[in-house]
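Protein chains in written order, with the UniProt record's numbering: chain A, 1 to 333; chain P, 1 to 333.
All C-beta atoms in this analysis are idealised placements derived from N, C-alpha and C, irrespective of residue type, glycine included.
There are 2 protein chains.
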Amino acid sequence: MSQSSPLYRLRWWFSLLLVLPLLAQAAVPLPSWKDGPSRQAILAFVSAVTDEGSKDYVPPAERIAVFDNDGTLWSEQPMYFEVLFALDEVKRLAPQHPEWKEQQPFKAVLEGDQKALADSGMEGLMKIIAATHSGMATEAFIDQSRSWLANAVHPKSGKPYTEMVFQPMLELLRFLRANDFKTYIVSGGEVAFMRAFAEEVYGIPPEQVIGTTFQSEFQDQDGKLSIQRLPQLAHNDDGPGKPVSIEQVIGRRPILAFGNSDGDLQMLQWTMAGRGKRFAGLVHHTDAKREWAYDRESKVGRLDKALDAAKQGNWTVVDMAKEWSRVYPFENN
Amino acid sequence: MSQSSPLYRLRWWFSLLLVLPLLAQAAVPLPSWKDGPSRQAILAFVSAVTDEGSKDYVPPAERIAVFDNDGTLWSEQPMYFEVLFALDEVKRLAPQHPEWKEQQPFKAVLEGDQKALADSGMEGLMKIIAATHSGMATEAFIDQSRSWLANAVHPKSGKPYTEMVFQPMLELLRFLRANDFKTYIVSGGEVAFMRAFAEEVYGIPPEQVIGTTFQSEFQDQDGKLSIQRLPQLAHNDDGPGKPVSIEQVIGRRPILAFGNSDGDLQMLQWTMAGRGKRFAGLVHHTDAKREWAYDRESKVGRLDKALDAAKQGNWTVVDMAKEWSRVYPFENN
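Encoded structure:
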């Protein structure tokens with residue numbers, strides 16, 4: 001066919017029509033964010049710090065972005081997913097621990113006694129976390145975390161937990177990385193549990209995952225080397241623990257931070273208190289239909305003081321119900 | 001001038017003669033390494049793990065290289081440079097601590113009493129380190145470290161400490177990064193002290209510096225935020241502490257490790273015990289003329305067990321005197 005024939009030209013135009021929407025979609029950043037105040041604030045911030053001619057320009061090496069995980073990158077209801085993992089682990093490990101039948105809080109877990117479990121409080125929870133997260137090599141723990149994540153499903157959605165991540169936040173992570181940001185997780189979750197899925201699900205490599213840590217010990221048993229996890233906490237990466245771990249591990253102050261609860265307050269404050277242009281964001285869970293709606297009164301992911309700080313400081317508060325056109329990747333758009 | 005004129009051609013050839021040696025130098029990796037067994041082992045290793053067709057290929061994300069600092073990237077005689085910093089700091093801070101005049105080990109430092117200082121042992125040293133490394137915000141400590149590094153000179157060479165870095169190791173760091181390795185420091189040195197110069201001197205950013213850490217605390221004094229350094233150690237990054245911090249901070253096992261003393265033994269073992277092709281290197285201080293010569297009997301940077309392990313495991317032991325054509329950048333080549 002001649003390149004000047006009418007048919008050829010028609011096909012050429014037709015191809016273009018097919019390709020154009022794809023090009024447009026690729027070109028529009030943050031497609032699952034409605035064009036509301038949060039999306040505009042993010043775009044304006046990234047534009048300002050990446051424009052070499054701007055007074056707010058930040059060199060790539062200093063473009064550190066930190067994200068809380070539970071409630072910020074994935075859901076956290078009816079309970080932090082890692083706690084649901086720990087409860088399942090208690091059941092799986094019970095045959096090796098006959099003493100748990102008579103020992104709280106393990107007895108409560110095994111008998112499904114919600115009241116006794118709640119009564120055991122934070123101390124009980126820490127016992128459950130320690131019993132299920134220590135006493136093995138890190139590699140074995142990560143394998144077990146992956147095995148649970150591959151098989152367990154969420155009680156409400158029936159979906160694997162790793163699918164209950166927020167599509168708009170996945171897009172935000174990608175958008176920041178495309179603009180030479182280094183994206184970190186800084187979370188109360190245990191670091192090895194998060195590393196079990198963060199690279200595959202969020203594109204965040206192990207060395208950019210910061211979290212709660214257990215003490216651990218290098219062991220050499222007749223030449224077989226391992227790092228054994230001990231039951232004592234080394235660092236609790238919540239609240240004021242977050243800026244502390246950011247300083248210890250990253251050694252630079254972030255220019256962007258995203259959280260969703262009072263546990264993120266100090267990380268957000270620390271980020272905003274640096275020199276130059278900065279961004280603080282909160283995911284506000286306002287969507288009882290597609291996700292959950294909770295804030296000041298919630299036991300999990302309480303957002304109270306940080307919401308006040310956001311209003312005072314003019315931080316970006318994302319109204320999930322109004323500003324996200326899609327919550328989870330599995331939703332039809 | 002015509003391009004075919006003899007003069008033009010002469011000038012053209014002359015330019016080429018001037019440029020050729022520069023091109024050759026740029027093309028040869030590790031120019032300060034003589035073409036001995038260590039250089040060959042490094043080149044063979046990097047070639048194997050970066051060749052996509054090789055059975056030993058390692059994807060870029062997993063190319064983690066860890067380096068001890070004292071004695072591996074810079075000198076450590078007559079004493080770790082950070083200890084010399086701490087001793088100078090005791091003198092600088094003495095007016096604010098009149099009690100030190102009567103208190104060991106500070107009294108010994110102020111009076112220059114080497115014997116009393118040596119008698120105070122490891123415990124005395126830790127007191128000096130804690131007193132000079134804590135009680136301020138991290139930013140202030142880094143400023144003070146930089147100020148010392150900018151002004152202090154080494155007692156033997158008369159050079160600033162940051163010039164007493166090993167030229168062949170600078171070249172190795174650059175060569176590895178050019179081959180998509182991520183280069184880390186993993187050192188017994190305190191992390192913030194090393195971050196004060198690691199980026200400028202080694203090209204290693206703060207988030208790739210791992211070291212000994214002090215506990216620290218987030219403070220909010222009427223809205224003025226800071227991270228205050230406390231006198232208690234959080235992590236001692238020496239010996240078995242090195243694989244532990246590698247696991248906690250990086251979460252991946254290195255494929256290359258370089259050290260120079262028994263404090264690096266476990267890091268080297270941990271690196272070599274992984275699957276696939278790996279590299280372990282030791283800088284052997286054999287050069288009393290250009291640097292220092294010491295190993296099994298040295299109080300600083302003792303290399304004894306790790307030297308045996310290197311022989312058993314066929315690790316690369318760099319004979320500084322024989323294999324480095326230049327030790328420091330300031331030497332004439």
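Checklist entry - In the structure shown, what three-state DSSP assignment does Y202 (chain P) receive? => result As a working mapping, residue 202 (chain P) is identified with position 202 in the second sequence. Three-state result, Y202 (chain P): helix.
Item to check | Where P37 (chain P) meets chain A, residues with beta-carbon distance less than 8 Å | outcome: Locating residue 37 (chain P) in the second sequence gives position 37, where the first residue counts as 1. Close to P37 (chain P), with beta-carbon spacing below 8 Å, lies no residue of chain A; the smallest spacing is near 26 Å.
Next on the checklist: Using only the alpha-carbon positions, how far apart do G158 (chain P) and L149 (chain P) sit?
Outcome noted: The sequence position of residue 158 (chain P) within the second sequence is 158, counting from 1. The sequence position of residue 149 (chain P) within the second sequence is 149, counting from 1. Cα-Cα distance, rounded: 13 Å.
Next on the checklist: With DSSP as the reference, identify every bridge partner of S75 (chain P), one or two as the case may be.
Outcome noted: The sequence position of residue 75 (chain P) within the second sequence is 75, counting from 1. The partner list for S75 (chain P) (beta bridge, DSSP) is empty, contrary to what the question assumes.
Checklist entry - Would DSSP call P231 (chain A) helix, strand or coil? => result Stepping through the first sequence from its first residue, residue 231 (chain A) is reached at position 231. Three-state DSSP puts P231 (chain A) in a strand.
Next on the checklist: Mapping the DSSP letters down to three states, classify S187 (chain P) as helix, strand or coil.
Outcome noted: For the purposes of this step, residue 187 (chain P) is identified with residue 187 of the second sequence, where counting begins at 1. In the structure shown, S187 (chain P) sits in a strand (DSSP, three-state: E or B).
Item to check | Alpha-carbon spacing of I255 (chain A) relative to F279 (chain A), whole angstroms | outcome: Residue numbering aside, residue 255 (chain A) sits at position 255 when the first sequence is read from its first letter. Residue numbering aside, residue 279 (chain A) sits at position 279 when the first sequence is read from its first letter. C-alpha separation (whole angstroms): 6 Å.
Next on the checklist: Which runs of the alpha helix (DSSP H) at least 4 residues long sit entirely within the region 274-321 of chain A? Give them in chain order.
Outcome noted: 305-313
Item to check | Candidates A:Q104, A:D287 and A:A137: closest to residue 346 (chain A) by CA position | outcome: Summary: the structure shown does not reach residue 346 (chain A), with chain A confined to residues 1 through 333, and so no result is reported for it.
Next on the checklist: Can you pull the chain A neighbours of S216 (chain P), defined as C-beta to C-beta under 8 Å?
Outcome noted: Within the second sequence, the letter at position 216 stands for residue 216 (chain P). The contacting residues are V244, E247 and Q248.
Checklist entry - What whole-angstrom Cβ distance do L265 (chain P) and G281 (chain P) have, given they're in contact under 8 Å? => result For the purposes of this step, residue 265 (chain P) is taken as the residue at position 265 of the second sequence. For the purposes of this step, residue 281 (chain P) is taken as the residue at position 281 of the second sequence. Rounded, the Cβ-Cβ distance is 13 Å, inconsistent with contact.
Checklist entry - Nearest to F193 (chain A) by CA position, among A:V46, A:K242, A:E139 and A:E62, is which residue? => result Here residue 193 (chain A) refers to the residue found at position 193 when the first sequence is read from its first residue. The shortest CA-to-CA distance from F193 (chain A) to any of A:V46, A:K242, A:E139 and A:E62 is the one to A:E139.
Checklist entry - Does E207 (chain P) have its Cβ less than 7 Å from a Cβ in chain A? => result Here residue 207 (chain P) refers to the residue found at position 207 of the second sequence. Chain A, which has a Cβ nearer than 7 Å to the Cβ of E207 (chain P), makes this yes.
Item to check | Rounded C-alpha distance that separates T162 (chain P) from Q114 (chain P) | outcome: Here residue 162 (chain P) refers to the residue found at position 162 of the second sequence. Here residue 114 (chain P) refers to the residue found at position 114 of the second sequence. Distance between the alpha carbons of T162 (chain P) and Q114 (chain P) is about 25 Å.
Checklist entry - Is A152 (chain P) helix, strand or coil by DSSP? => result Position 152 of the second sequence, counted from the start, is the residue given in the question as residue 152 (chain P). Coil, per DSSP.
Item to check | N- and C-terminal bounds of the beta strand (DSSP E) containing E217 (chain P) | outcome: By one-based count along the second sequence, residue 217 (chain P) stands at place 217. Segment V209 to Q221, the beta strand (DSSP E) holding E217 (chain P).
Item to check | Which listed residue (A:K289, A:L73 and A:L117) has its alpha carbon closest to that of L170 (chain A) | outcome: As a position in the first sequence, residue 170 (chain A) is number 170, starting the count at 1. The shortest Cα separation from L170 (chain A) among A:K289, A:L73 and A:L117 belongs to A:L73.
Item to check | Reference H133 (chain A), options A:P98, A:Q221, A:P60 and A:R229, closest by Cα | outcome: The residue labelled residue 133 (chain A) in the question sits at position 133 within the first sequence. H133 (chain A) has its Cα closest to that of A:R229, out of A:P98, A:Q221, A:P60 and A:R229.
Next on the checklist: I'd like to know whether the C-beta atoms of G71 (chain A) and S261 (chain A) end up nearer to each other than 7 Å.
Outcome noted: On the first sequence, residue 71 (chain A) is found 71 positions in, with the first residue counted as 1. On the first sequence, residue 261 (chain A) is found 261 positions in, with the first residue counted as 1. Taking 7 Å as the Cβ cut-off, G71 (chain A) and S261 (chain A) qualify as a contacting pair.
Next on the checklist: Per DSSP, what are the beta-bridge partners of D88 (chain A) in this structure?
Outcome noted: In the first sequence, the residue the question calls residue 88 (chain A) occupies position 88. Answer is none; D88 (chain A) lacks a bridge partner.
Checklist entry - Considering only the beta carbon of each residue, do N69 (chain A) and G189 (chain A) sit closer than 7 Å? => result Translated into positions along the first sequence, residue 69 (chain A) becomes position 69. Translated into positions along the first sequence, residue 189 (chain A) becomes position 189. In contact: N69 (chain A) and G189 (chain A) (Cβ atoms closer than 7 Å).
Item to check | Limits of the alpha helix (DSSP H) - the one that F45 (chain A) falls within | outcome: As a first step, residue 45 (chain A) must be located in the first sequence, where it is residue number 45. Going by DSSP, F45 (chain A) is part of the alpha helix (DSSP H) stretching over P37 to T50.
Checklist entry - Rounded to a whole number of angstroms, what is the C-alpha to C-alpha distance between S32 (chain A) and P168 (chain A)? => result As a position in the first sequence, residue 32 (chain A) is number 32, starting the count at 1. As a position in the first sequence, residue 168 (chain A) is number 168, starting the count at 1. Their backbone Cα atoms lie some 5 Å apart in a straight line.
Next on the checklist: Just checking: is the beta-carbon of A273 (chain P) within a distance shorter than 7 Å of some beta-carbon in chain A?
Outcome noted: Position 273 of the second sequence, counted from the start, is the residue given in the question as residue 273 (chain P). It does; some Cβ of chain A falls within 7 Å.
Checklist entry - Whose C-alpha, out of P:T50, P:D88 and P:D51, is nearest the C-alpha of G112 (chain P)? => result What you label residue 112 (chain P) is simply residue 112 of the second sequence in a count that begins at 1. Nearest of P:T50, P:D88 and P:D51 to G112 (chain P), Cα basis: P:D88.
Item to check | Beta-carbon proximity list for K322 (chain P), same chain, < 8 Å, skipping 5 on both sides | outcome: Here the question's residue 322 (chain P) lines up with position 322 in the second sequence. So the qualifying residues of the chain are K34, G36 and T286.
Checklist entry - Which one of P:E76, P:R63, P:I64 and P:A61 has the shortest CA to CA distance from W292 (chain P)? => result For the purposes of this step, residue 292 (chain P) is taken as the residue at position 292 of the second sequence. Closest by alpha carbon: P:E76.
Next on the checklist: Residues in the same chain with beta-carbon distance under 8 Å from D56 (chain A), minus the five sequence neighbours each way, listed in chain order, please.
Outcome noted: Along the first sequence, one-based indexing puts residue 56 (chain A) at 56. A48, V49, G276 and K277.
Next on the checklist: Using beta carbons (cut-off 7 Å, strictly below), is T316 (chain A) in contact with chain P?
Outcome noted: Position 316 of the first sequence, counted from the first residue, corresponds to residue 316 (chain A). For T316 (chain A), the answer is no, since every Cβ of chain P falls outside 7 Å of its Cβ.
Checklist entry - From this set, A:W324, A:A152 and A:G259, which residue's C-alpha is nearest D304 (chain A)'s C-alpha? => result Within the first sequence, residue 304 (chain A) is the residue found at index 304, counting from 1. Of the listed residues, the one whose Cα sits closest to D304 (chain A) is A:G259.
Next on the checklist: Here's the rule: buried if 16 or more other CB atoms are within 10 angstroms of the residue's CB, otherwise exposed. What is V153 (chain P)?
Outcome noted: Taking the second sequence and counting its residues from 1, the one referred to as residue 153 (chain P) is at position 153. Flag for V153 (chain P) reads exposed.
Checklist entry - Since T212 (chain P) contacts V191 (chain P) with CB under 8 Å, what's their CB separation in whole angstroms? => result Residue 212 (chain P) sits at position 212 when you count from the first residue of the second sequence. Residue 191 (chain P) sits at position 191 when you count from the first residue of the second sequence. Right, the Cβ-Cβ distance comes to about 7 Å (below 8 Å), so this counts as a contact.
Item to check | Partner residues on chain A for Q266 (chain P), Cβ-Cβ distance less than 9 Å | outcome: What you label residue 266 (chain P) is simply residue 266 of the second sequence in a count that begins at 1. Those are F218, D220 and L225, listed as they occur along chain A.
Item to check | Length of the line joining the Cα atoms of M126 (chain P) and E297 (chain P) | outcome: The residue you call residue 126 (chain P) lines up with position 126 of the second sequence. The residue you call residue 297 (chain P) lines up with position 297 of the second sequence. Approximately 22 Å, taken between the alpha carbons.
Next on the checklist: Judging by CA-CA distance, which residue of P:V83, P:K156 and P:Q248 is the nearest neighbour of A130 (chain P)?
Outcome noted: Here residue 130 (chain P) corresponds to residue number 130 of the second sequence, with the count starting at 1. Cα-wise, what sits closest to A130 (chain P) is P:V83.
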